[in-house]
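Below: the structure, in structure tokens.
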Amino acid sequence: MKWYLTFLAAFVPLFAQSAWIDSTGKPIPDTESMRSAGDFGVQIVLAADEGQFRQIWNSSKTPPKLSTTNTVRLGQSVSALLIFHGCSPNTGGVCDVASEFILEAPDGSKAPAGGGPVWSGKPMQQRLLQLGQASMTIGFDKTDPIGDYKITANIKDKVSGRALVVVARLKVTK
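In terms of the working numbering, the numbers along the sequence shown are unbroken and rise by one, the last being 177.
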């Protein structure tokens with residue numbers, strides 16, 4: 004996942020708003036962690052340190068070297084962040100994109116894990132990706148089961164009505 008996010012960030016200016024595309028203009032098929040509907044697209048990534056991830060994202064380095072993960076040890080935490088493009092502005096010129104997170108444990112039980120505004124401002128420039136405002140951070144202690152977890156984000160562009168569901172998989176170890 005780390006190499007893919009680095010590749011993604013390296014070609015930020017080359018992404019079209021009609022779908023996820025690579026540097027040659029060829030469409031990248033949707034995956035469970037990266038989906039699009041028309042010109043609206045969302046990707047979920049997991050980071051061990053949300054503050055550092057946001058700081059690097061907002062740095063002037065192009066491309067930024069973003070660190071992602073898909074594992075966490077008991078006693079540590081992980082954050083789910085959303086990267087998106089193509090929100091629709093309302094008549095006032097601002098987007099209204101919201102998310103809801105759900106955490107699924109290894110036994111299949113599901114729990115709401117928060118949510119909030121992904122973006123409530125002017126749309127970003129065309130062909131650029133935006134790091135969403137909403138995130139989910141979860142810590143794991145010794146009472147939590149080890150195993151495979153699933154983090155689902157339900158994202159809705161309230162202006163256009165488009166909705167996307169993205170999933171990140173997480174392995175919790177000792």
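Virtual Cβ for every residue (Gly too), placed ideally from N, Cα, C.
Just so you know, these numbers come straight off a predicted model, no measurement behind them.
For the candidate residues Y152, T146, E35 and D33, whose alpha-carbon lies nearest to that of E107?
Start at 1 with the first residue of the sequence shown, and residue 107 comes out as number 104. Taking only the C-alpha atoms, the option nearest E107 is Y152.
Hey, how far is the Cα of L167 from the Cα of V97?
By one-based count along the sequence shown, residue 167 stands at place 164. By one-based count along the sequence shown, residue 97 stands at place 94. About 19 Å.
Looking at A171 and A83, is the spacing between their C-beta atoms short of 8 Å?
The residue labelled residue 83 in the question sits at position 80 within the sequence shown. The residue labelled residue 171 in the question sits at position 168 within the sequence shown. The answer is yes: Cβ separation under 8 Å.
What is the DSSP secondary structure of W23, reduced to helix, strand or coil?
Your numbering for residue 23 matches position 20 in the sequence shown. Coil, per DSSP.
Taking the alpha-carbon of Q133 as reference, which of V48, I31 and G28 has the nearest alpha-carbon?
The residue labelled residue 133 in the question sits at position 130 within the sequence shown. Out of V48, I31 and G28, V48 has the C-alpha closest to the C-alpha of Q133.
Could you tell me whether the Cβ of P67 comes closer than 8 Å to any Cβ of chain B?
In the structure shown, chain B cannot be found, because there is only a single protein chain.
Output needed for S63: all residues of its chain with C-beta closer than 7 Å, excluding positions within five of it in sequence on either side, in chain order.
Residue numbering aside, residue 63 sits at position 60 when the sequence shown is read from its first letter. Cβ neighbours of S63 beyond the five flanking positions: none.
Considering only C-alpha positions, which residue in the set F43, I158 and T74 is nearest to G117?
What you label residue 117 is simply residue 114 of the sequence shown in a count that begins at 1. The option with the nearest alpha carbon to G117 is I158.
Own chain, CB closer than 7 Å to I59, minus 5 neighbours either side, in chain order
What you label residue 59 is simply residue 56 of the sequence shown in a count that begins at 1. So the list reads P67, K68 and L69, once near-sequence residues are dropped.
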